[in-house]
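Counting with mature numbering (1 follows the signal peptide of the UniProt record, and there is no 0), you get residues -21 to -1, 1 to 106 for the letters of the sequence shown.
Where is the CB? At the ideal position from N, CA and C, for every residue including glycine.
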Amino acid sequence: MKHLVASVALFTLPFASLANADISDFSTMGVGEDTPSACEAPRPPASLNPSPYIRNGYRAILRIMAAERWKETGSCECYLTQIPWDEVILEAEGYVTSDNPLLPFKVAELRLQADEMLATRDAACAN
(Lines of atoms letter the chains of each structure in order from A and count residues from 1; the text may use other names and numbers.)
(Lines give C-alpha, C1' and ligand atoms only; values in the text may rest on other atoms or scores of the structure.)
Protein backbone atom coordinates (compact mmCIF):
# COMPACT_ATOMS: atom_id res chain seq x y z
CA MET A 1 0.00 0.00 0.00
CA LYS A 2 2.90 2.34 0.78
CA HIS A 3 4.22 1.80 -2.73
CA LEU A 4 0.84 2.68 -4.20
CA VAL A 5 0.65 5.93 -2.23
CA ALA A 6 4.23 6.80 -3.20
CA SER A 7 3.51 6.04 -6.86
CA VAL A 8 0.40 8.22 -6.86
CA ALA A 9 2.32 11.04 -5.18
CA LEU A 10 5.13 10.83 -7.74
CA PHE A 11 2.62 10.72 -10.56
CA THR A 12 0.59 13.72 -9.40
CA LEU A 13 3.51 15.92 -8.29
CA PRO A 14 4.32 17.22 -11.81
CA PHE A 15 0.64 18.05 -12.37
CA ALA A 16 0.53 20.08 -9.17
CA SER A 17 3.36 22.27 -10.42
CA LEU A 18 1.53 22.76 -13.71
CA ALA A 19 -1.55 23.94 -11.85
CA ASN A 20 0.55 26.71 -10.29
CA ALA A 21 2.01 27.78 -13.63
CA ASP A 22 1.06 31.20 -14.91
CA ILE A 23 -1.51 30.88 -17.68
CA SER A 24 -0.03 33.90 -19.45
CA ASP A 25 2.93 31.68 -20.44
CA PHE A 26 0.69 30.13 -23.07
CA SER A 27 0.66 33.36 -25.07
CA THR A 28 4.35 32.89 -25.83
CA MET A 29 3.36 30.07 -28.16
CA GLY A 30 1.43 32.43 -30.42
CA VAL A 31 2.70 32.94 -33.96
CA GLY A 32 3.69 36.52 -34.64
CA GLU A 33 3.46 38.54 -37.81
CA ASP A 34 5.59 37.39 -40.71
CA THR A 35 8.27 40.02 -41.09
CA PRO A 36 10.84 38.85 -43.61
CA SER A 37 14.45 39.43 -42.70
CA ALA A 38 16.88 41.04 -45.10
CA CYS A 39 15.86 39.87 -48.56
CA GLU A 40 13.40 37.05 -47.96
CA ALA A 41 10.12 36.41 -49.75
CA PRO A 42 7.11 37.34 -47.64
CA ARG A 43 4.31 34.84 -47.15
CA PRO A 44 1.31 35.52 -49.35
CA PRO A 45 -1.72 36.75 -47.44
CA ALA A 46 -4.50 34.22 -46.92
CA SER A 47 -6.83 36.55 -48.80
CA LEU A 48 -5.11 35.60 -52.08
CA ASN A 49 -6.32 32.01 -51.93
CA PRO A 50 -7.69 29.77 -49.18
CA SER A 51 -5.29 26.96 -50.16
CA PRO A 52 -1.84 27.02 -48.53
CA TYR A 53 -0.53 24.90 -51.42
CA ILE A 54 -1.50 27.55 -53.96
CA ARG A 55 -0.14 30.35 -51.76
CA ASN A 56 3.17 28.45 -51.53
CA GLY A 57 3.14 28.32 -55.32
CA TYR A 58 2.61 32.09 -55.46
CA ARG A 59 5.55 32.59 -53.11
CA ALA A 60 7.81 30.43 -55.28
CA ILE A 61 6.68 32.35 -58.38
CA LEU A 62 7.44 35.64 -56.61
CA ARG A 63 10.95 34.37 -55.91
CA ILE A 64 11.39 33.37 -59.57
CA MET A 65 10.14 36.78 -60.72
CA ALA A 66 12.58 38.54 -58.38
CA ALA A 67 15.48 36.46 -59.71
CA GLU A 68 14.43 37.26 -63.29
CA ARG A 69 14.43 40.98 -62.47
CA TRP A 70 17.93 40.61 -61.09
CA LYS A 71 19.00 38.96 -64.38
CA GLU A 72 17.41 41.77 -66.39
CA THR A 73 18.86 44.63 -64.35
CA GLY A 74 22.02 43.21 -62.82
CA SER A 75 21.08 45.11 -59.66
CA CYS A 76 21.54 43.36 -56.33
CA GLU A 77 18.66 45.14 -54.66
CA CYS A 78 15.88 43.06 -53.12
CA TYR A 79 13.02 42.74 -55.58
CA LEU A 80 11.08 40.31 -53.38
CA THR A 81 9.33 43.13 -51.56
CA GLN A 82 8.83 45.29 -54.66
CA ILE A 83 6.67 42.92 -56.70
CA PRO A 84 2.95 43.19 -55.83
CA TRP A 85 0.91 40.04 -55.29
CA ASP A 86 -1.53 40.92 -58.08
CA GLU A 87 1.39 40.86 -60.51
CA VAL A 88 2.42 37.45 -59.15
CA ILE A 89 -1.11 36.11 -59.66
CA LEU A 90 -1.10 37.28 -63.28
CA GLU A 91 2.30 35.70 -63.86
CA ALA A 92 1.15 32.48 -62.17
CA GLU A 93 -1.04 31.65 -65.17
CA GLY A 94 2.14 30.83 -67.09
CA TYR A 95 3.18 28.29 -64.45
CA VAL A 96 -0.05 26.27 -64.39
CA THR A 97 0.69 22.62 -65.18
CA SER A 98 -2.64 21.00 -64.33
CA ASP A 99 -6.36 21.42 -64.89
CA ASN A 100 -6.90 20.56 -61.23
CA PRO A 101 -7.84 23.86 -59.53
CA LEU A 102 -6.53 22.57 -56.18
CA LEU A 103 -3.09 21.65 -57.59
CA PRO A 104 -2.44 24.02 -60.48
CA PHE A 105 1.35 24.16 -60.01
CA LYS A 106 4.17 21.79 -59.21
CA VAL A 107 5.22 23.76 -56.16
CA ALA A 108 8.25 21.59 -55.35
CA GLU A 109 9.66 22.18 -58.83
CA LEU A 110 8.95 25.91 -58.61
CA ARG A 111 10.79 26.08 -55.28
CA LEU A 112 13.80 24.27 -56.71
CA GLN A 113 13.88 26.60 -59.71
CA ALA A 114 13.64 29.65 -57.44
CA ASP A 115 16.33 28.27 -55.11
CA GLU A 116 18.74 27.74 -58.01
CA MET A 117 18.10 31.16 -59.52
CA LEU A 118 18.42 32.99 -56.21
CA ALA A 119 21.56 31.04 -55.27
CA THR A 120 23.13 32.30 -58.49
CA ARG A 121 22.02 35.83 -57.62
CA ASP A 122 23.33 35.54 -54.05
CA ALA A 123 26.71 34.29 -55.27
CA ALA A 124 27.01 37.11 -57.79
CA CYS A 125 25.93 39.75 -55.29
CA ALA A 126 28.21 38.48 -52.51
CA ASN A 127 31.24 39.88 -54.32
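Under 8 Å between C-beta atoms of proline 23 and tryptophan 64: The criterion of a C-beta distance shorter than 8 Å is satisfied by proline 23 and tryptophan 64.
Helix, strand or coil at cysteine 104 [DSSP, three-state]: The three-state secondary structure of cysteine 104, taken from DSSP, is helix.
Exposure of alanine 45, with buried meaning 16 or more beta-carbon neighbours within 10 Å: Alanine 45 is buried by the Cβ-count criterion.
Secondary structure, alpha helix (DSSP H): runs of 4+ residues fully inside the stretch 24 to 56: Correct list: 31 to 52.
Classification of glycine 73 by the beta-carbon crowding that lies within 10 angstroms, buried from 16 upward: Answer is exposed; the Cβ neighbour count stays below 16.
Span of the alpha helix (DSSP H), counted from its first residue to its last, around glutamate 66: 64 to 71 is the extent of the alpha helix (DSSP H) around glutamate 66.
Proximal residues to tyrosine 37 (C-beta, below 8 Å), its chain only, five neighbours per side dropped: Pro23, Leu27, Asn28, Trp64, Val67, Ile68 and Ala71.
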